[in-house]
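Colleague: Chains A and B are the protein sequences, given in the same order. Counting in this note's numbering, the first sequence runs from 1 upward without gaps. Counting in this note's numbering, the second sequence runs from 356 upward without gaps. Note that CB positions come from ideal geometry on N, CA and C, so glycine has one too. None of the values given here were measured: they were computed from a predicted structure.
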Amino acid sequence: MGSLFSPKKILQSQYTMILVMIRNIIFLVLGIMLGIRLTDFIGYLKLWRNNDLRASEKAALLKYPVASEEHLATWLRREVRILCLVLTMPSSHATKAALVNRTWGARCNKLIFMSSQTDSNLNILQINKSESRKNLYAKVRTGMAYVHKHYLNEYDWFLKADDDTYIVMENLRLFLYPYDPESSVYFGCRFKAYFSQGYMSGGGGYVLSRDALRRLNLFALNSTTICKLNGESEDVQIGHCLQDVGVIAGDTRDFQGHHRFLPVNPFTVFPTILSNSWLEGYFFHKPNKSDCCAASAISFHYVKDFEFELFEFFLYYMRVFGLHRTPRALPSRLGFRQMNERLQHWSQQVTDNKN
Amino acid sequence: MAGEYIILENSSTYPGFHSSSNGLANGMYRSAQRISTDRLVLLILLVSTTVIGLFAYWDVMVLNAGALPLSRGTSSVDYMEPGLRNETLAEKMHREVRVLCWVLTTPKYHKTRAIHVLRTWGKRCNKIYFMTSEPDDELPTVVLTKPDRYEMLWGKTKEAFVHIHEQMRHEADWFIKADDDTYLFLENLRYMLYPYSPETPIYFGFNYKMVGTHQKNESYMSGGSGYVLSREALRIFAEGVNDTTKCRQEDDHAEDVEMGKCLFNLGVKAGDSRDEQLRNRFYPIAPYGALLSGNVGMDFWLYKYAYYNPRSCMDCLSEYPVAFHYVHSKQLYVYDYFNYQFQLSGRAQVAERLPKKIREEELVIPESDNPVS
Numbered sequence: 001m002g003s004l005f006s007p008k009k010i011l012q013s014q015y016t017m018i019l020v021m022i023r024n025i026i027f028l029v030l031g032i033m034l035g036i037r038l039t040d041f042i043g044y045l046k047l048w049r050n051n052d053l054r055a056s057e058k059a060a061l062l063k064y065p066v067a068s069e070e071h072l073a074t075w076l077r078r079e080v081r082i083l084c085l086v087l088t089m090p091s092s093h094a095t096k097a098a099l100v101n102r103t104w105g106a107r108c109n110k111l112i113f114m115s116s117q118t119d120s121n122l123n124i125l126q127i128n129k130s131e132s133r134k135n136l137y138a139k140v141r142t143g144m145a146y147v148h149k150h151y152l153n154e155y156d157w158f159l160k161a162d163d164d165t166y167i168v169m170e171n172l173r174l175f176l177y178p179y180d181p182e183s184s185v186y187f188g189c190r191f192k193a194y195f196s197q198g199y200m201s202g203g204g205g206y207v208l209s210r211d212a213l214r215r216l217n218l219f220a221l222n223s224t225t226i227c228k229l230n231g232e233s234e235d236v237q238i239g240h241c242l243q244d245v246g247v248i249a250g251d252t253r254d255f256q257g258h259h260r261f262l263p264v265n266p267f268t269v270f271p272t273i274l275s276n277s278w279l280e281g282y283f284f285h286k287p288n289k290s291d292c293c294a295a296s297a298i299s300f301h302y303v304k305d306f307e308f309e310l311f312e313f314f315l316y317y318m319r320v321f322g323l324h325r326t327p328r329a330l331p332s333r334l335g336f337r338q339m340n341e342r343l344q345h346w347s348q349q350v351t352d353n354k355n
Numbered sequence: 356m357a358g359e360y361i362i363l364e365n366s367s368t369y370p371g372f373h374s375s376s377n378g379l380a381n382g383m384y385r386s387a388q389r390i391s392t393d394r395l396v397l398l399i400l401l402v403s404t405t406v407i408g409l410f411a412y413w414d415v416m417v418l419n420a421g422a423l424p425l426s427r428g429t430s431s432v433d434y435m436e437p438g439l440r441n442e443t444l445a446e447k448m449h450r451e452v453r454v455l456c457w458v459l460t461t462p463k464y465h466k467t468r469a470i471h472v473l474r475t476w477g478k479r480c481n482k483i484y485f486m487t488s489e490p491d492d493e494l495p496t497v498v499l500t501k502p503d504r505y506e507m508l509w510g511k512t513k514e515a516f517v518h519i520h521e522q523m524r525h526e527a528d529w530f531i532k533a534d535d536d537t538y539l540f541l542e543n544l545r546y547m548l549y550p551y552s553p554e555t556p557i558y559f560g561f562n563y564k565m566v567g568t569h570q571k572n573e574s575y576m577s578g579g580s581g582y583v584l585s586r587e588a589l590r591i592f593a594e595g596v597n598d599t600t601k602c603r604q605e606d607d608h609a610e611d612v613e614m615g616k617c618l619f620n621l622g623v624k625a626g627d628s629r630d631e632q633l634r635n636r637f638y639p640i641a642p643y644g645a646l647l648s649g650n651v652g653m654d655f656w657l658y659k660y661a662y663y664n665p666r667s668c669m670d671c672l673s674e675y676p677v678a679f680h681y682v683h684s685k686q687l688y689v690y691d692y693f694n695y696q697f698q699l700s701g702r703a704q705v706a707e708r709l710p711k712k713i714r715e716e717e718l719v720i721p722e723s724d725n726p727v728s
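1. Give a yes or no on whether 8 Å exceeds the smallest Cβ distance from Tyr15/A to chain B.
2. Using a Cβ-Cβ cut-off of 8 Å, state whether Leu176/A counts as contacting chain B.
3. If distances are taken between C-alpha atoms only, which option among Leu152/A, Ala98/A, Thr103/A, Cys241/A comes closest to Ser120/A?
4. Can you tell me which of the three DSSP states Arg333/A falls into?
5. Phe267/A touches chain B at which residues, Cβ-Cβ below 8 Å?
6. Going along the chain, which unbroken runs of the beta strand (DSSP E) with 3 or more residues stay wholly within the region 104 to 162 of chain A?
7. Check whether the Cβ atoms of Met114/A and Lys139/A sit closer than 8 Å, and answer yes or no.
8. Output the boundary residues of the beta strand (DSSP E) element that contains Ala678/B.
9. I'd like to know whether the C-beta atoms of Gly622/B and Pro721/B end up nearer to each other than 8 Å.
10. Between Val705/B and the ligand COA, is the CB less than 7 Å from at least one heavy atom?
11. Classify Arg78/A as helix, strand or coil using the three-state DSSP reduction.
12. Thinking Pro359/A and Ser201/A are a contact (beta carbons under 8 Å), I'd like their distance in whole angstroms, please.
13. What residues from the region 548 to 572 of chain B come within 7 Å of chain D, judged by C-beta to C-beta, listed N to C?
14. Can you have a look at Met169/A and say buried or exposed, based on whether 16 or more other CB atoms are within 10 angstroms of its CB?
15. How many angstroms separate the CA atom of Ile18/A from the CA atom of Gly701/B?
16. According to the Cβ coordinates, are Thr475/B and Tyr688/B closer than 8 Å?
17. With H, G and I counted as helix, E and B as strand and the rest as coil, what does DSSP make of Val100/A?
18. Given that a residue counts as buried once 16 or more other Cβ atoms are within 10 Å of its Cβ, and exposed if not, what is Val705/B?
19. What is the DSSP secondary structure of Gly560/B, counted as helix, strand or coil?
20. Can you confirm whether Leu699/B, when its beta carbon is compared against all beta carbons of chain A, has any partner nearer than 8 Å?
21. Put Gly188/A into one of helix, strand or coil per three-state DSSP.
22. Can you tell me where the beta strand (DSSP E) with Tyr582/B in it begins and where it stops?
23. Taking all protein chains shown into account, do 16 or more other C-beta atoms lie within 10 angstroms of the C-beta of Glu489/B, making it buried, or fewer, making it exposed?
24. Taking the alpha helix (DSSP H) that Phe485/B falls in, what are its first and last residues?
25. For Ile26/A, which three-state DSSP category applies?
26. CB Asp235/A to CB Tyr199/A, shorter than 8 Å?
27. With a cut-off of 8 Å, does the C-beta of Asn101/A fall near any C-beta of chain B?
28. Starting from the beta carbon of Leu397/B, find every residue of chain A whose beta carbon is closer than 7 Å, and list them in chain order.
29. Would a check of beta-carbon distances place Tyr692/B closer than 8 Å to chain A?
30. Is Ser296/A close to chain B? Criterion is C-beta to C-beta, closer than 8 Å.
31. What do you get for Met21/A, buried or exposed, if any count of 16 or more other CB atoms within 10 angstroms of its CB means buried?
32. Can you name the start and end residues of the beta strand (DSSP E) that Ser574/B belongs to?
33. Of the choices Gly578/B, Ala515/B, Asp535/B, His449/B, whose alpha-carbon is the least far from that of Phe637/B?
34. Thinking just about the alpha-carbon of each residue, which of Lys482/B, Asp492/B, Met547/B, Leu508/B is nearest to the one in Gln522/B?
35. At 4 residues or longer, and completely inside the region 166 to 248 of chain A: list those alpha helix (DSSP H) runs for me, N to C.
36. Look up Trp656/B in the DSSP assignment and say whether it is helix, strand or coil.
Shown next, in the form of C-alpha cells:
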C-alpha cells in the first residue's frame, strides 16, 4: 500500500511547487508592469497641471523630459525660474533696454527694468531717484526690496544685470540647475575687495538664490548697523551686505578655470586676456590665460547695440554645416550634504590673485 | 515473508470489492485532479504570456516612436559609408569638396591681419596661400611680381590665379579668393558647392550688377566677401586671360569688376549662391549691416547695386552663411568662438542632409530681379 501511494504523492508535491513558482513569477511581472504604468500616469497627472505647455510638449516631456536639446531648454525654463532685474535709465529705454527686452530678456521667466521713468513698452519698476552713479546702489536696494516683497516665492533665482549686459539664459539655467535655491549663495564674476569674500561684478551680472535674497532683505536692508545706504559702488556694497548676512560667493569657473561670467565684451579680450589690463587685477580667481573664454559662457558686458543682434545671430540663427555637437548631459541635482560641502568649500576660498 | 502472505490472502479473499472500489476512487481522484490542474495551468500560462507579450510589443512601439525625434536630432548617416559612421558630415565634406583659399594681402598686414586669418578660418581650408609681395616665415606665402598698390589689384589677381592654375590646380576642386578682412565659413561653403561638379565652368559670390556698358544678364562678384571658381572655370580663365578681346590686359581698374567681365566673356557662368529660400550666403558687409538693415533707408547702397533683389528677404541671411566682409582681426576670433567653440544648451539640432547633385544641363541661373536702377 505504502509503496503504491508514494509515487502519486511525490508527483503531486512537485506539481504544486511548480504551480506556485509560476504563479509567483506571473504576479511579479504583472505587478512590475502595473507599477511602471502607475509611475508614468502620476507623472502625466503632474504635467497635466502645467498649462503653459502645449500638448505636444506635454507628450514629449512625459516620455523623455530631456529627449532633445530643444526640450531641454523648455524643461529647464520651468525647472530653473529666473527673475531678471535690469538697471536702465530713461535715455536708454529705446535703445539698450529695448534690445535687452527683445533678445535675452525674452528668455527670462520674468523681466523687470529699474528706471526713474516709466515706459509703456517695457515692464518698468519706477524708482524715483535721479540718474547718477551715486544712486545706483539705492536703486538696486529698492529693486531687491520690491522683488522680495512681491516675487520671492514665485521664482528660484534673481538675476541683476545692466542694460549693456548680454546673458545666455540657457547656459545660466544649466549652470544653476544642480544648486538648491534655498541655500544661501550667489554667483557672478568674483572680484577682489577690501572684505575677504570679494564681490560680484555688477556689469557682468550676478544671480542670487531665493535664500540669499531673503537674507539680504530681512537682515541686511533693514539693519541699522550693517549694510548702510551710501553713494559708493553698487556691486561692492551689495557684495559687502551679502557677506555680512552669510551669503556665500559661489565659484562659476568651468573645469579649465575659465570664468563663465565675463565682465567685458568678447571683442576686447580675444584672443586672450591681455596682461596688465585693468581687468586682470580685479579677478578674485586668477584667470586661465591660455585662451579667452569659457565654452559655456554665461554673460558679457559693455555690449554695443549691434552686438546684441550679432550674438543673437550667432547663437540662435546661423549654423555651421556638419559640425557634430555632443548633446550635453544634464547634471544631477545636489543633495543637502553635497550642497553644504560645496558651500563650505566656497566659503573657504581665498584669492590667488596677488596683483 | 509472512507479511507478504497476509496481504496476498486478503486480496484473494475479497478480490472483486477491493479492486472495483480502489479503481473507482483512484480513477475519479486522479482524473479530476489532472483535468482541473491542467486547465488551470494552461489558462494561466496563456493569459499571462499574452499580457506580457502585448506589453512588450507596446513598449517596443513606444520606444521606437520616441526614438524618431532623437534620430532626427543628430546628423544623418544616410550618406556615409559603413566604415566611416563616426565621421561627421563636416569631415566628410572636407575630403570630398576640396577648397583652396588664396588671400590677397600686403606685407604691412602680415602680422595684423593675415596671421589672424590663418589662425581662424584659414586652418579649415584644404590649402591656403597668402598672395603678397614679400615672404613671411609664419605664413604660406606666394610672392607676386606686381607692386603693392591698390590700383594694381586686377594685375595681382590675374597673376595669382594664373600661378595657382600652373602650380596648384591639382590640390583642390574649388578655388576661392578672399581678402584679409573676410570671414569664410568653409563648412557652409562646401555645403553650398557640393551639388555642383568642379568640371562645370561656374563661379559663385555675392552677385552685383555689372557696371558700365554691359549685357542684360551680366554680373560680377563682390571682391570683398570673396568668390569661388570651379577647377574648370580656373582653367578657362588661366588660358583665356591673355585674350585682348575678352579680358583687360592693363593691370588697373577694379579687380572684381574686371574679373566679372573677363569670366563672362570667356563663358564662365555667374552662379546664384543664394539658398533655396533665396537668402544670401555671401554678404559683402558684416552681419551688422544685414541685421540692422531695418534701420537703414531704402537708399542703402547695397539695394541699388545687388543683382538679385535684396529686399525680397530684408533682414534675411541664410542659416548657413558663407562669407562676410569688413571683419577686423579681433572679430575673426569672436566669429570663431561663437560658431565653433561656444556650447549653447538647448539649441535644437536639425537633421542635416547633403543636397542632391546637379548636372550641368539641369543648372538654372535666375535672371536679375532687382528693379532699382
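Modeller: In this structure, then:
1. yes
2. no
3. Ala98/A
4. coil
5. Lys685, Gln686, Val689
6. 110 to 115, 124 to 126, 157 to 162
7. yes
8. 678 to 680
9. no
10. Among the ligands in the structure shown, none appear at all, so the ligand COA cannot be discussed.
11. helix
12. The structure shown does not extend to residue 359/A, since chain A is modelled only from 1 to 355, so the question has no answer here.
13. The chain labelled as chain D is not found among the protein chains of the depicted structure, namely A and B.
14. buried
15. 54 Å
16. yes
17. helix
18. exposed
19. strand
20. yes
21. strand
22. 582 to 585
23. exposed
24. Element bounds for Phe485/B: not the alpha helix (DSSP H) but the beta strand (DSSP E), 482 to 487.
25. helix
26. yes
27. no
28. Ordered by position in chain A, no residue passes the 7 Å Cβ test against Leu397/B, which lies about 11 Å from the chain.
29. yes
30. yes
31. exposed
32. 574 to 576
33. Gly578/B
34. Lys482/B
35. 169 to 176, 210 to 215, 234 to 244
36. helix
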